[in-house]
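As structure tokens, the structure follows; a few thoughts come after it.
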Amino acid sequence: MKTAVFESFNDVVRELRSRRFRRVVLQAPDGMRNRLVRLSRVVQEAGVEVVAIDGDRCFGACDLPICAVRFLGADAVVHLGHTPYPLRVELGIPVYYIPCYDRVSIPRALVRRLADELASGRPAIFYPIQYYPAFREMLREACREAEVDEEQAGEMASVLIGCDSATVRRLGRHADSVIVIGSGLFHGLGAAVWSGRRTIVLDLYRGEAVDVERERRRVLAIIAERIERFSQAKRVGVIAILKSGQFNLEAALSVKGEAERMGKEAHLITMTDVTPEKLDYLLDFEAFVQTGCPRISIDDLESFSRPVINLEQFQISAGRMRFEDVYP
Ligand code: SF4
């Protein structure tokens, strides 16, 4: 299966035509789905049939429209808003990605804050893909202001998706602090819990620098409590998530075996989205391990009445890793 990234609607349409695709499914994350009607027009005007706009919830590029593709017999997917994510379930057809960049005006105060961090130490800098142009502009201006080498500062920078703990750990290890350019706390919280470094979100929409430390401590306390409650549980559900990039049967079966060796009764459960409403019907279980998106067990913990831990948290519960190794 071919995967490719395109910068514009017209580029992707040229590819669809040149490869003689006839039936495509369009997909975008929730906040960008309204752009799909325009994309659909562009594709159809070029003579390629849009068999459907996928209307299901989509949290990331890990969540391709498997059912729509199979049920409708599509021969390609165009996914708006993300870059490729490793697939665990083959769709058997090409997926074309168009990342979308947010064109925001950069608040001067945030450039100054970045310049201060660059002048006083070596920050790791992360940004979600939609803020790549904003990151480039801020880095250029902040380096000029702080009189530091832009190329060197750029070596400590990376695009970031919410589950990329490996990149956070790799750069965080060598950093004095972590700066996340974006909006909201989602990417900042991930960077904070996995790096253990003082983390500041430069929120482009609020125009504010937000220190994530208090939220990091609060969330880590909840995680520790949930792991402890999971450890006490006698009957647990091991959830394999039915998404293209999250399905991990091998891990789920391995966790199930390990939980049984820990003296628990364990059952394999399948689910597309892990929600409190769905778990409410699974009353026989005292706790769950979900083997897909690690962020479900970091950001959403308080919405679940029972522990729903992720793979790294299960490793802690099983005594294979120490809490401080996973969350320094
Ligand atoms: S696994 Fe979670 S954090 Fe990673 S891309 Fe999917 S939804 Fe986002």
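The letter at position 208 of the sequence shown is residue 648 when you use this note's numbering, and the numbering goes up by one with no holes.
Even for Gly, the Cβ is constructed at its ideal location relative to N, Cα and C.
Under 7 angstroms between C-beta atoms of residue i and residue j
i: cysteine 733; j: cysteine 540; result: no
i: alanine 586; j: alanine 564; result: no
i: alanine 444; j: tyrosine 536; result: yes
i: arginine 473; j: glutamate 489; result: no
i: lysine 704; j: valine 748; result: no
i: arginine 528; j: phenylalanine 687; result: yes
i: phenylalanine 566; j: valine 652; result: no
i: valine 491; j: alanine 468; result: no
i: phenylalanine 754; j: valine 714; result: no
i: proline 568; j: histidine 627; result: yes
Residue i (DSSP reduced to helix, strand or coil)
i: histidine 627; result: helix
i: alanine 632; result: helix
i: leucine 466; result: strand
i: glutamate 489; result: strand
i: glutamate 648; result: strand
i: glycine 471; result: helix
i: leucine 642; result: strand
i: glutamate 655; result: helix
i: arginine 497; result: coil
i: glycine 677; result: strand
i: leucine 520; result: strand
i: valine 445; result: strand
i: leucine 708; result: strand
i: serine 671; result: helix
i: lysine 696; result: helix
i: glutamate 530; result: coil
i: asparagine 450; result: helix
Chain B contact for residue i (CB, 7 angstroms cutoff)
i: cysteine 540; result: Of the chains in the structure shown, none is chain B; there is only one protein chain.
Exposure label - residue i; buried when at least 16 CB within 10 Å
i: glycine 532; result: exposed
i: aspartate 643; result: buried
i: aspartate 737; result: For the sequence presented, residue 737 should be read as serine rather than aspartate. That one is buried.
i: cysteine 507; result: exposed
i: arginine 510; result: exposed
i: leucine 723; result: exposed
i: aspartate 503; result: buried
i: arginine 478; result: exposed
i: glutamate 717; result: exposed
i: proline 768; result: exposed
i: leucine 550; result: buried
i: arginine 497; result: exposed
Check: Whole alpha helix (DSSP H) runs in the segment 534 to 621 with 4 or more residues, listed along the chain?
Finding: 548 to 560, 572 to 586, 590 to 594 and 605 to 612
Would you list, in sequence order, the uninterrupted alpha helix (DSSP H) runs of no fewer than 4 residues that lie entirely inside the segment 715 to 759? 716 to 720, 736 to 739 and 751 to 757
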